[in-house]
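**Q** Below you will find the structure I want to go over with you.
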Amino acid sequence: MSRKLTQKRTPIFFFLALTLAFHLLFAGCSSFKIIVLKNPLTPEEHLNLGVAYEQRGELDQAIKEYQLASKKLPVAYLYLGNAHFQKSEFQKAETYYKKTIKKEPRNADAYNNLAWLYFTRREHLEEGERLALKAIELNPTKEPLYKDTLEKIRELRKLQN
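The sequence shown: position 10 = 5 (this note's numbering), numbered continuously.
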């Protein structure tokens, strides 16, 4: 009986001894580091991942992905502006919309979204009107959407005068 008990314990002792040996051997290496030399995702994939996060309401994760995409895709600044707008971080949203306009001066959505931001904040309405008109000029196919922004700004301006 004692021989059977010893045979059962041998693998356990071997495993414990092996584990201890590995621990002592690698104790000098306090941690292992994995270095990624190249981001495995393309900027477009980061943008798409950001959209997926945004649709799930995970705005902070979306913002991280949009920031990674913005290194190569200027349109990602528009997405950053939209995400910050949703978080009511209007100053950041404004900064990103302006950056989009600077990097992509023909991006009509950036003009419209900045105009909408001004409408929402009830400020710079004259500038907002100009931006909405510019959006219509740049992309007439979206005129109904941009015209809605324009009309709301004009109504608000009338109320304020």
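Ideal Cβ placement from N, Cα and C applies to all residues, glycine included.
Inspect the beta-carbon positions of Gly76 and Lys59 and report whether they are closer than 9 Å.
**A** Locating residue 76 in the sequence shown gives position 81, where the first residue counts as 1. Locating residue 59 in the sequence shown gives position 64, where the first residue counts as 1. Not in contact: Gly76 and Lys59 (Cβ atoms no closer than 9 Å).
**Q** Quick one: Cα of Thr95 to Cα of Tyr74, how far?
**A** The residue given as residue 95 occupies position 100 in the sequence shown. The residue given as residue 74 occupies position 79 in the sequence shown. So the two alpha carbons sit approximately 9 Å from each other.
**Q** Rounded to whole angstroms, what is the Cα-Cα separation between Lys97 and Lys153?
**A** As a position in the sequence shown, residue 97 is number 102, starting the count at 1. As a position in the sequence shown, residue 153 is number 158, starting the count at 1. Each residue's alpha carbon lies about 30 Å from the other.
**Q** Whose C-beta lies closer than 7 Å to the C-beta of Tyr72 among residues of the same chain, with five residues either side of it excluded?
**A** Taking the sequence shown and counting its residues from 1, one reaches residue 72 at position 77. Answer for Tyr72: Ser65, Tyr91, Lys94, Thr95, Lys98, listed in chain order.
**Q** Give the DSSP-derived three-state secondary structure of Arg117 in the structure shown.
**A** In the sequence shown, the residue the question calls residue 117 occupies position 122. Coil at Arg117, not helix or strand.
**Q** Quick check on Arg134: does DSSP put it in helix, strand or coil?
**A** Along the sequence shown, read from residue 1 onward, the residue named residue 134 stands at position 139. The identity of residue 134 in the sequence shown is Asn, whereas the question assumes Arg. DSSP places Asn134 in coil when its eight states are reduced to three.
**Q** Suppose the cutoff is 8 Å on Cβ atoms and the five residues either side in sequence are ignored; what does the same chain contact list for Lys(-1) look like?
**A** Translated into the one-based positions of the sequence shown, residue -1 becomes position 4. With a pLDDT of only 49 at Lys(-1), under 50, the local geometry of the prediction cannot be trusted, and no value is derived from it.
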